[in-house]
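Under my numbering, the first residue of the sequence shown is numbered 77, with each subsequent residue one higher. Ideal Cβ positions, reconstructed from N, Cα and C, are used throughout, including at glycine. Inspection log for the structure reproduced underneath, given as C-alpha cells.
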Amino acid sequence: MRAIRGATTIETNSPEAIYAATKELFEEILTQNEITDSEQLTSVIITVTEDIFAAFPAKAVRETPGFEYVPVMGMQEIPVPNSLPMCIRFMVFTDLHQPLEAINHVYLRGAKVLRPDLVKEEDA
C-alpha cells in the first residue's frame, strides 16, 4: 500500500470552484501515478481549510466515472494561524507497490508552496 499526497487552492468558496479544483487534482493524481482502475485505490481522505464550506469536495471524486465506489471521507483541517487559506488537501491510499520515491505527489496552484520539493516541472 502507498499513499499519495496532493493539494490545491481555490479563489472563491463556491460549489463550482470546489468541484472544479477537486476534479482537477484527483485526475492529476490518477494520471501522474498511472492509476487507471478504481480497484487500485483503497480510500481517499480530503481535508479543507475552514474557509471552504460551500460544498463537499468528495462529491467530485464520487462523480469521476469508474470511481463511484471508492470510499471517500472529508473533514476540516486544523485552523493553524497563518496557514495557507482556501486549500483542499488529498491523501489517496492505493494498492501500488512501487518505491516511495516513485510516487508522484501533486501540488497545484497556490498549494505548490506547501511542498516545493515535490512539485513536478509540469505542475510548475
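Kindly give me the distance between the Cβ atoms of residue i and residue j, rounded to whole angstroms, as I take these residues to be in contact under 8 Å.
i	j	result
T84	L184	4 Å
I219	N158	Residue 219 lies beyond the residue range present for the chain, which begins at 77 and ends at 200; the question has no answer from this structure.
T170	T107	T170 to T107, Cβ: 14 Å. No contact.
I105	V182	5 Å
F102	A136	7 Å
So, with DSSP's three-state summary, where would you put residue i?
i	result
T81	For the sequence presented, residue 81 should be read as Arg rather than Thr. The answer is strand: DSSP assigns R81 an E or B state.
Y145	coil
Y119	In the sequence on display, residue 119 carries Ser and not Tyr. The answer is strand: DSSP assigns S119 an E or B state.
R191	coil
I164	strand
T140	coil
I94	helix
K99	helix
A130	coil
T107	helix
K196	coil
What do you reckon, is the C-beta of residue i under 7 Å from a heavy atom of the ligand GDP?
i	result
A134	No copy of the ligand GDP occurs in the structure displayed, which carries no ligand at all.
For residue i, write down the residues that DSSP places opposite it in a beta bridge.
i	result
I154	Per DSSP, none; premise fails for I154.
Y183	A83
V124	Q152 and I164
T170	R78 and L117
Candidates the options: which alpha carbon is nearest residue i's?
i	options	result
L172	R165, N180 and F166	N180
N109	R191, V168 and Y95	V168
V120	K99, P147 and A187	P147
F143	P155, E115 and A130	E115
R191	L160, A178, Q174 and P175	L160
Decide if residue i is buried, meaning its Cβ has at least 16 other Cβ atoms within 10 Å, or exposed.
i	result
I164	buried
M151	exposed
I80	buried
T112	exposed
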